[in-house]
Amino acid sequence: SGIAGPSGGTIDKPVGTVCVAWAFHSNISSQIFEFPGNRDQVRSQAVEISLIQMLKYIN
4 SGIAGPSGGT IDKPVGTVCV AWAFHSNISS QIFEFPGNRD QVRSQAVEIS LIQMLKYIN
(Lines of atoms letter the chains of each structure in order from A; the text may use other names.)
(Lines give C-alpha, C1' and ligand atoms only; values in the text may rest on other atoms or scores of the structure.)
Protein backbone atom coordinates (compact mmCIF):
# COMPACT_ATOMS: atom_id res chain seq x y z
CA SER A 4 0.00 0.00 0.00
CA GLY A 5 1.26 3.50 -0.56
CA ILE A 6 1.34 6.71 -2.53
CA ALA A 7 2.88 6.19 -5.96
CA GLY A 8 1.91 9.63 -7.24
CA PRO A 9 1.87 11.87 -9.05
CA SER A 10 -0.45 13.38 -6.43
CA GLY A 11 -1.83 12.38 -3.05
CA GLY A 12 1.30 12.93 -1.00
CA THR A 13 1.44 14.91 2.22
CA ILE A 14 4.26 16.17 4.42
CA ASP A 15 3.87 13.08 6.64
CA LYS A 16 3.42 10.67 3.70
CA PRO A 17 5.15 12.04 0.60
CA VAL A 18 4.74 10.60 -2.87
CA GLY A 19 6.91 7.49 -3.03
CA THR A 20 5.92 6.20 0.42
CA VAL A 21 5.16 2.48 0.30
CA CYS A 22 4.29 0.08 3.13
CA VAL A 23 4.98 -3.61 2.56
CA ALA A 24 4.02 -6.44 4.92
CA TRP A 25 4.84 -10.16 5.02
CA ALA A 26 3.33 -12.99 7.01
CA PHE A 27 4.70 -16.53 7.05
CA HIS A 28 3.37 -19.02 9.59
CA SER A 29 3.31 -17.04 12.87
CA ASN A 30 5.93 -14.48 11.81
CA ILE A 31 4.70 -11.06 10.71
CA SER A 32 6.83 -8.17 9.49
CA SER A 33 6.26 -4.81 7.83
CA GLN A 34 8.42 -1.99 6.53
CA ILE A 35 7.86 1.49 5.17
CA PHE A 36 9.96 2.69 2.24
CA GLU A 37 10.29 6.02 0.43
CA PHE A 38 11.18 5.56 -3.24
CA PRO A 39 12.23 8.32 -5.64
CA GLY A 40 10.88 8.74 -9.15
CA ASN A 41 7.63 8.90 -11.04
CA ARG A 42 4.60 6.65 -10.52
CA ASP A 43 5.92 3.78 -12.66
CA GLN A 44 9.35 3.93 -11.02
CA VAL A 45 7.86 3.91 -7.52
CA ARG A 46 5.67 0.93 -8.40
CA SER A 47 8.57 -0.99 -9.94
CA GLN A 48 10.79 -0.36 -6.92
CA ALA A 49 7.98 -1.44 -4.59
CA VAL A 50 7.52 -4.72 -6.47
CA GLU A 51 11.27 -5.36 -6.52
CA ILE A 52 11.81 -4.75 -2.80
CA SER A 53 8.68 -6.77 -1.96
CA LEU A 54 9.98 -9.82 -3.82
CA ILE A 55 13.50 -9.47 -2.41
CA GLN A 56 12.24 -9.09 1.16
CA MET A 57 9.77 -11.96 0.75
CA LEU A 58 12.56 -14.30 -0.39
CA LYS A 59 14.75 -13.24 2.55
CA TYR A 60 11.83 -13.68 4.91
CA ILE A 61 10.98 -17.26 3.90
CA ASN A 62 14.59 -18.48 3.64
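First residue of the sequence shown? That's 4 in my numbering, and the numbers climb one at a time after it.
Cβ atoms here follow ideal geometry from the backbone N, Cα and C, with glycine treated the same way.
Identity of the residue in I31, S29 and F36 nearest K16 by Cα: F36
For V18 and G11, which I take to be in contact (beta-carbon distance under 8 Å), what is that distance rounded to the nearest angstrom? 7 Å
Are G8 and N41 touching if we call contact CB-CB under 9 Å? yes
From A49 to D43, what distance separates their C-alpha atoms? 10 Å
Whole-angstrom C-beta distance between V45 and S33, which should lie under 8 Å: Their Cβ separation, rounded to whole angstroms, is 18 Å, which puts S33 and V45 out of contact at 8 Å.
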